[in-house]
Each structure stands twice: as C-alpha cells, then as structure tokens.
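Just add 24 to the spot in the sequence shown (first one is 1) and you have this note's numbering.
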Amino acid sequence: MKDINILIVGVGGQGTLLASVLLGNIALEEGYDVKLAEVHGMAQRGGSVVTHVRISENEVRSPLIEEGGADVIVAFEELEAYRWIPYLKQGGAIFVNTQQIKPMPVIMGAAQYPAEIVDFLKDNADKVTCLDALGIATECGSIKAVNTVLLGAMAKELPFSKETWIRQIEKTVKPKFVELNKTAFEKGYQA
Numbered sequence: 025m026k027d028i029n030i031l032i033v034g035v036g037g038q039g040t041l042l043a044s045v046l047l048g049n050i051a052l053e054e055g056y057d058v059k060l061a062e063v064h065g066m067a068q069r070g071g072s073v074v075t076h077v078r079i080s081e082n083e084v085r086s087p088l089i090e091e092g093g094a095d096v097i098v099a100f101e102e103l104e105a106y107r108w109i110p111y112l113k114q115g116g117a118i119f120v121n122t123q124q125i126k127p128m129p130v131i132m133g134a135a136q137y138p139a140e141i142v143d144f145l146k147d148n149a150d151k152v153t154c155l156d157a158l159g160i161a162t163e164c165g166s167i168k169a170v171n172t173v174l175l176g177a178m179a180k181e182l183p184f185s186k187e188t189w190i191r192q193i194e195k196t197v198k199p200k201f202v203e204l205n206k207t208a209f210e211k212g213y214q215a
C-alpha cells in the first residue's frame, strides 16, 4: 500500500473526531503507522473541524497534509468541502454530505453561502461522490450516524476489508450505538 492521506472536514458536533479515531484504529489494526492532527477552530460553537489522517507502511513523520496532498477528503458539509478542495491531490476522491450548515456570518447577513458548490467540486476534482448522509443517518435512527455513513461510502477507496471496519465500529463506538452505526456504515457502503 502506498501512503494514504485523508482529510476529514466538518462542523463541530458532526462526529468528525470519532470518524478519525475509527479510521486511525483500523489502520493500526492492519499494522500501519498512523498520525492524526485535529484542528478544532471554535468547534463547540459550530465552527470548522479538520482532522488530518496520515497512514503509511513506513513511519509517518508529520501529521499534517500539505495543500494538494490529500488522496481523500471526507466532507460532512458542503461548505467545508468547498473550503478544503485545494488540499485534494490530482486524481483524489472527495465524499460530500450534501447538508448545508450556514456559518454565523451567513446567518447574520454579512456573507452569502456559496451557490452551486457541488458543480464547483465536480469541476475541480476527478472523483466526487455526493450523498445525503444526513437523510441516510436519519433513516438509520440518528442524525449522529452521519460520520459512519460517510466512512461507509469512503471505505471502498481504502485497502481495508469491510470486516475490519465493522470490527472497529464494535470496538470504538459506545455499545448502545454499535448496531445503529453498523447499519449506517452498511448503507453508506452501498450508497
């Protein structure tokens, strides 16, 4: 396996940090070196949350992904995909939850939410997968399962077996939410 750089981006409270922990645990279980770097920027108040996940057969020396260096971006919200698209490398894949969460400047009328984000992403990335992860998570029983829906959709891009993903969901997620998250992962995987 070559080195894999994954950027997980979203808004505080969407479960991006759990997604990065799951991904890191899967890579560790498979014998890879992993580095995570989390940037929380006012996450408690709905601000941007970014996690850099670097996976390698060799030692990962820096936890940060450079602009143009991400093999995969997992975006929990459209505007975050728009903000972080410069980090996607040529030929990389981006997985986008089609949810729109308006930041405070937009709510206050000081800025406008960008129009046609999905079209912009498709014009600027080779592989764009858009899905209503929020709708799928709601069908599964909880809006908090958006993270595992998106991980399921992205899982085919990585060299880890579906069984490894499921095993780590069982180990990492609180017991009362395991079945919900396994269902959400499967629906994302099939999406």
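Ideal placement from N, C-alpha and C gives every residue a C-beta, glycine not left out.
Look up residue i in the DSSP assignment and give the residues it is bridged to.
{"i": "R78", "result": "N29 and K59"}
{"i": "S72", "result": "V35"}
{"i": "F144", "result": "Looking at the DSSP assignment, F144 forms no beta bridge with any residue, so it has no partner."}
The alpha helix (DSSP H) that contains residue i, what's its start and end?
{"i": "P172", "result": "Note that residue 172 corresponds to Thr in the displayed sequence, not to Pro. V170 to M178 is the extent of the alpha helix (DSSP H) around T172."}
{"i": "T153", "result": "Note, T153: premise wrong, no alpha helix (DSSP H); beta strand (DSSP E) at K151 to L155."}
{"i": "M132", "result": "Careful: M132 lies outside any alpha helix (DSSP H) and carries neither H nor E."}
{"i": "E54", "result": "From DSSP, E54 is part of no alpha helix (DSSP H); its letter is neither H nor E."}
Kindly give me the distance between the Cβ atoms of residue i and residue j, rounded to whole angstroms, as I take these residues to be in contact under 8 Å.
{"i": "G71", "j": "V35", "result": "7 Å"}
{"i": "L46", "j": "I167", "result": "The Cβ separation is near 18 Å, so there is no contact."}
{"i": "V152", "j": "V120", "result": "7 Å"}
{"i": "I79", "j": "A51", "result": "4 Å"}
{"i": "L88", "j": "T75", "result": "At roughly 11 Å, the Cβ-Cβ gap does not stay under 8 Å, so L88 and T75 are not in contact."}
If you reduce the DSSP assignment to three classes, tell me which class residue i lands in.
{"i": "L112", "result": "strand"}
{"i": "F184", "result": "coil"}
{"i": "I193", "result": "helix"}
{"i": "A208", "result": "helix"}
{"i": "A117", "result": "strand"}
{"i": "R85", "result": "coil"}
Taking just the CA atoms, how far does residue j sit from residue i?
{"i": "T40", "j": "F100", "result": "8 Å"}
{"i": "K211", "j": "V77", "result": "23 Å"}
{"i": "E83", "j": "G55", "result": "11 Å"}
{"i": "L155", "j": "P129", "result": "26 Å"}
{"i": "E53", "j": "R191", "result": "10 Å"}
Within the continuous beta strand (DSSP E) that includes residue i, where are the two ends?
{"i": "I97", "result": "A94 to A99"}
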